[in-house]
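K.L.:
One point on numbering: in the numbering used here, the residue at position 50 of the sequence shown is 50, and numbering is uninterrupted.
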Amino acid sequence: MLQDLIANGPSMRTISLPRGRQRLHAMPTSTGYEVREDETYDWDGRKRGQTPFTVLQHTISGAGQLRYENRNYRLQKNDTLLVLVPHNHRYWLATGDRWE
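(1) Based on DSSP bridge pairs, tell me the residues matched to GLN65.
(2) At the level of alpha carbons, what is the spacing between TYR73 and GLN65?
(3) Taking C-beta to C-beta, are ARG36 and TRP99 nearer than 8 Å?
(4) Which class does ASP4 belong to by DSSP, given the choice of helix, strand or coil?
(5) Assign HIS58 to one of three DSSP states: helix, strand, or coil.
(6) Under 7 Å Cβ to Cβ from ASN78, same chain only, skipping five residues before and after it: list those, please.
(7) Can you tell which of VAL55, TYR33, THR51 has its C-alpha closest to the C-alpha of TRP43?
Below, the structure is given as structure tokens:
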């Protein structure tokens with residue numbers, strides 16, 4: 001499935017989510033696939049507004065940086081980050097790196 005997604009490139013589709021009370025553990029509101037290759041990719045969890053949401057991001061290849069709870073991590077292939085917003089964290093692409 002991932003290879004089909006990559007082969008078809010970027011696309012957007014609107015879907016209708018269930019209304020009312022549902023017994024769901026998660027209700028995604030958006031998904032995406034990105035490859036980042038420059039240091040402009042930089043997210044600070046304190047500067048993304050006050051509306052709570054969750055970011056789940058899986059690393060397919062390359063590497064990214066995460067600062068969480070005053071500890072630094074290098075996210076590599078098969079690593080997944082899960083962060084809440086707003087929260088004191090930051091994830092970014094270091095100069096010269098590539099993150100898929």
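Where is the CB? At the ideal position from N, CA and C, for every residue including glycine.
P.N.:
On the basis of the supplied data:
(1) Walking along the sequence shown from the start, residue 65 turns up at place 65. DSSP output for GLN65 lists ARG74, TRP92 as bridge partner(s).
(2) Your numbering for residue 73 matches position 73 in the sequence shown. Your numbering for residue 65 matches position 65 in the sequence shown. Distance between the alpha carbons of TYR73 and GLN65: 6 Å.
(3) The residue given as residue 36 occupies position 36 in the sequence shown. The residue given as residue 99 occupies position 99 in the sequence shown. The answer is yes: Cβ separation under 8 Å.
(4) What you label residue 4 is simply residue 4 of the sequence shown in a count that begins at 1. Note: ASP4 maps to helix in three-state DSSP.
(5) Mapped onto the sequence shown, residue 58 falls at position 58. HIS58 falls in the strand class under three-state DSSP.
(6) Mapped onto the sequence shown, residue 78 falls at position 78. For ASN78, the CB contacts under 7 Å within the same chain, skipping 5 residues up- and downstream, are THR59 in chain order.
(7) Against the sequence shown, residue 43 aligns to sequence position 43. Looking at the Cα atoms, VAL55 is the closest of the given residues.
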